[in-house]
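A short worksheet on the structure shown next.
2 protein chains.
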Amino acid sequence: MFSLSEENYLKAIFHLQKHSKAGVSTNALAEEMQTKASSVTDMVKKLSDKKLVVYKKYQGVYLSEAGRQTALQIVRKHRLWEVFLVEKLDFSWDEVHEVAEELEHIKSEKLISELDKFLDYPKRDPHGDPIPDAKGNFQAANKTLLSNLSKGEKGTLVGVKDTSSEFLKYLDKNDIALGKTIEVLDKEEFDGSMLIQIGDRSLRVSTMVTVNIYIKI
Amino acid sequence: MFSLSEENYLKAIFHLQKHSKAGVSTNALAEEMQTKASSVTDMVKKLSDKKLVVYKKYQGVYLSEAGRQTALQIVRKHRLWEVFLVEKLDFSWDEVHEVAEELEHIKSEKLISELDKFLDYPKRDPHGDPIPDAKGNFQAANKTLLSNLSKGEKGTLVGVKDTSSEFLKYLDKNDIALGKTIEVLDKEEFDGSMLIQIGDRSLRVSTMVTVNIYIKI
DNA sequence: ATATAATTTTAGACAAAGCTAAAAAATAAA
DNA sequence: TTTATTTTTTAGCTTTGTCTAAAATTATAT
Numbered sequence: 007m008f009s010l011s012e013e014n015y016l017k018a019i020f021h022l023q024k025h026s027k028a029g030v031s032t033n034a035l036a037e038e039m040q041t042k043a044s045s046v047t048d049m050v051k052k053l054s055d056k057k058l059v060v061y062k063k064y065q066g067v068y069l070s071e072a073g074r075q076t077a078l079q080i081v082r083k084h085r086l087w088e089v090f091l092v093e094k095l096d097f098s099w100d101e102v103h104e105v106a107e108e109l110e111h112i113k114s115e116k117l118i119s120e121l122d123k124f125l126d127y128p129k130r131d132p133h134g135d136p137i138p139d140a141k142g143n144f145q146a147a148n149k150t151l152l153s154n155l156s157k158g159e160k161g162t163l164v165g166v167k168d169t170s171s172e173f174l175k176y177l178d179k180n181d182i183a184l185g186k187t188i189e190v191l192d193k194e195e196f197d198g199s200m201l202i203q204i205g206d207r208s209l210r211v212s213t214m215v216t217v218n219i220y221i222k223i
Numbered sequence: 007m008f009s010l011s012e013e014n015y016l017k018a019i020f021h022l023q024k025h026s027k028a029g030v031s032t033n034a035l036a037e038e039m040q041t042k043a044s045s046v047t048d049m050v051k052k053l054s055d056k057k058l059v060v061y062k063k064y065q066g067v068y069l070s071e072a073g074r075q076t077a078l079q080i081v082r083k084h085r086l087w088e089v090f091l092v093e094k095l096d097f098s099w100d101e102v103h104e105v106a107e108e109l110e111h112i113k114s115e116k117l118i119s120e121l122d123k124f125l126d127y128p129k130r131d132p133h134g135d136p137i138p139d140a141k142g143n144f145q146a147a148n149k150t151l152l153s154n155l156s157k158g159e160k161g162t163l164v165g166v167k168d169t170s171s172e173f174l175k176y177l178d179k180n181d182i183a184l185g186k187t188i189e190v191l192d193k194e195e196f197d198g199s200m201l202i203q204i205g206d207r208s209l210r211v212s213t214m215v216t217v218n219i220y221i222k223i
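Keeping their order, the protein sequence lines are chains A and B.
With positions in the first sequence counted from 1, the corresponding number in this note's numbering is that position plus 6.
With positions in the second sequence counted from 1, the corresponding number in this note's numbering is that position plus 6.
Encoded structure:
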């Protein structure tokens, strides 16, 4: 159907699209894809010919409905494989991304529907991100960044924004995990750092941490 | 490490090598790879430069020890994934090959060692073929073709040579499966067809069938 | 043993996806 | 509103793996 490269571009545009309703710029896409702007222009033209994106010179690129559906299916596969790796193969949440990047491109409808069943139709991946269903539907959680909470507020950790191995290992080390209850004991307005209560311990965390943790109140 | 294409060539040479101790011919490899002889020559030169095969112009190609080990690891991955698909995802044995062709190229040591553990270190794939261990060791079963048995002899079905969907579906339809006991009730010397006892039924099968079923006596 | 046939290799071309360097367009600054 | 800067596109080249057509080699058959 689509080449490896085409699929990766669609996924990248999808992820960049989320953050702003404007078109995705060539440079942003080049950065995300770890490639050069000229290569992006070439590929974007190709995707445009295939009606997967809407593209006007110098105006950035948008996913078409077909492109969005394709991207959603890749995201679905990526996240299902992540669940598989963590739940069945004892991977930790900081190890799954790389492998899932490869597994997401395996082409078999049956494989994914059976995997979904085998995993008992999970709704979220190990980082708390929602898994689209076969039709591309998923509910974006009503979540907010920990940094938005005020002193005294509390909620449940439902996701992370930064999924880098370094950040996830930091969380593991400090016993910060999905599903834990976090309460803001104190917030330092000067630098945004917080003193939080998590489980039976309290901990001081920097802004780098608070802007990368999603909380459901 | 190696490209998709390189891996597939190594695997193809490995499979063709098994059948004759002579070098694998360019044409045979082209046939196996569904490509042209000229393309094969190019690739074989490349593999030779990388010391994965031994190649002399017009003399066919042989796997080097490094090439053999690489091929064995690909075969290992292919067969482990086949077990996974059949045992965990309810695939039937005629559906697994295509998908395993893709899965076998995923690059992660940990993925394969964990999968092996998850499947409880299977020794054979769903077609009865042995699964090499992490070091590339596997025991070739002492098996023979059903066609080699004489009237009155019996044994256990331990594998199939032809793994095409058509053949496997024929076997399923006639309730011929791995592990079943087969006895040769009668053998027609003229065309090699046999009357066999399998389970509580007897069945007449053609040579096309008897030369594609492996029996352990 | 020589002619014919089959196999294999070489030479040159092509598509995909990337790159560099230069030109063009858009944006920001003076 | 010009000028300067940044962004984007174009043009042309590279690599990987393929192809076709022609040449070279090996095998087969008379």
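The C-beta atom is built at its ideal place from N, Cα and C for all residues, glycine as well.
Which residue marks the beginning of the beta strand (DSSP E) containing A/Q23, and which one marks its end?
No beta strand (DSSP E) contains A/Q23, which is instead part of the alpha helix (DSSP H) from 10-25.
Whole angstroms are fine: how far does the CA of A/R130 sit from the CA of A/Q203?
25 Å
Reducing DSSP to helix, strand and coil, say where B/Q65 ends up.
coil
According to DSSP, is B/Y304 part of a helix, a strand, or is it coil?
No answer is possible for residue 304 of chain B: the residues shown for chain B start at 7 and end at 223.
Any beta carbon from chain B within less than 8 Å of A/I137's own beta carbon?
no
B/S114 versus chain A: which residues are under 8 Å apart at the beta carbon?
E104, V105, E108
For B/F124, would you say it is in contact with chain A, using Cβ-to-Cβ distances shorter than 8 Å as the test?
yes
Could you tell me whether any Cβ in chain A is nearer than 8 Å to the Cβ of B/D131?
It does not; no Cβ of chain A falls within 8 Å.
Give me the Cβ distance between B/I219 and B/L163, rounded to the nearest whole Å; I'm assuming they're in contact under 8 Å.
6 Å
Under three-state DSSP, which class holds B/A164?
Here the sequence assigns Val to residue 164 of chain B, which means Ala is not the residue at that position. Three-state result, B/V164: strand.
Just confirm the distance between the C-beta atoms of B/L121 and A/L95, as a whole number of angstroms; I'd bet it's less than 8 Å.
6 Å
When you compare the stretch 79-99 of chain A with the stretch 135-151 of chain A, are there three or more beta-carbon pairs, one atom per stretch, that lie closer than 8 Å?
yes
Once DSSP output is grouped into helix, strand and coil, what is the label at A/D159?
Reading the sequence as shown, one finds Glu at residue 159 of chain A and not Asp. A/E159: coil per DSSP, three-state reduction.
Quick check on A/M7: buried or exposed, where buried means 16 or more other Cβ atoms within 10 Å of its Cβ?
exposed
Here's the rule: buried if 16 or more other CB atoms are within 10 angstroms of the residue's CB, otherwise exposed. What is B/L149?
The question names Leu, yet the displayed sequence has Lys at residue 149 of chain B. With 16 or more other Cβ atoms within 10 Å, it is buried.
Please check the pair B/H133 and B/G165, which I expect to be a contact at CB under 8 Å, by giving their CB distance rounded to whole angstroms.
6 Å
Ordered along the chain, which non-local residues of its own chain (more than five positions away) have a Cβ less than 6 Å from that of A/V60?
Y68, S70
With a threshold of 8 Å, are at least 3 pairs of Cβ atoms found where one atom belongs to the stretch 109-120 of chain A and the other to the stretch 42-58 of chain A?
no
Which bits of chain B does A/K94 rub up against, with CB to CB less than 7 Å?
Under a criterion of Cβ atoms nearer than 7 Å, the residues of chain B adjacent to A/K94 are, in order, F124.
Cutting at 6 Å between CB atoms, please list the residues of its own chain near A/L155, excluding the five before and the five after it.
These residues qualify, in order along the chain: V190.
Using a Cβ-Cβ distance under 8 Å, would B/L86 count as near chain A?
no
Does the separation of the CB atoms of B/R15 and B/M39 fall below 8 Å?
Note that residue 15 of chain B corresponds to Tyr in the displayed sequence, not to Arg. Going by C-beta atoms, B/Y15 is nearer than 8 Å to B/M39.
List the residues of chain A whose Cβ lies closer than 8 Å to the Cβ of B/L201, in chain order.
Chain A residues near B/L201: none, gap ~37 Å exceeds 8 Å.
Of the choices A/I188, A/A34, A/K179, whose alpha-carbon is the least far from that of A/W99?
The shortest C-alpha separation from A/W99 is found at A/K179.
Indicate whether at least one CB of chain A lies closer than 8 Å to the CB of B/E38.
no
So with CB distances below 8 Å, who are the chain A contacts of B/L121?
L95
Can you say whether B/G158 is buried or exposed, counting buried as having 16 or more other CB atoms within 10 angstroms of its CB?
exposed
Within 10 Å of its beta-carbon, does A/S212 have 16 or more other beta-carbons around it, so buried, or fewer, so exposed?
exposed
What did DSSP end up calling B/I188 once you bin it into helix, strand or coil?
strand
Let me see if you follow: with CB-CB separation under 8 Å, is A/L163 close to chain B or not?
no
What distance in whole Å lies between the Cβ atoms of B/L22 and B/L35, which are believed to be in contact at a cut-off of 8 Å?
Confirmed, about 7 Å.
In the DSSP output, which residue or residues are listed as bridge partners for A/P136?
Bridge partners of A/P136: A/R130.
Indicate whether at least one CB of chain A lies closer than 8 Å to the CB of B/L16.
False, the Cβ-Cβ gap to chain A never drops below 8 Å.
I'd like the span of the alpha helix (DSSP H) that includes A/Q75, first residue to last.
71-93
My output table needs one value for B/L53: the three-state DSSP class, helix, strand or coil.
helix
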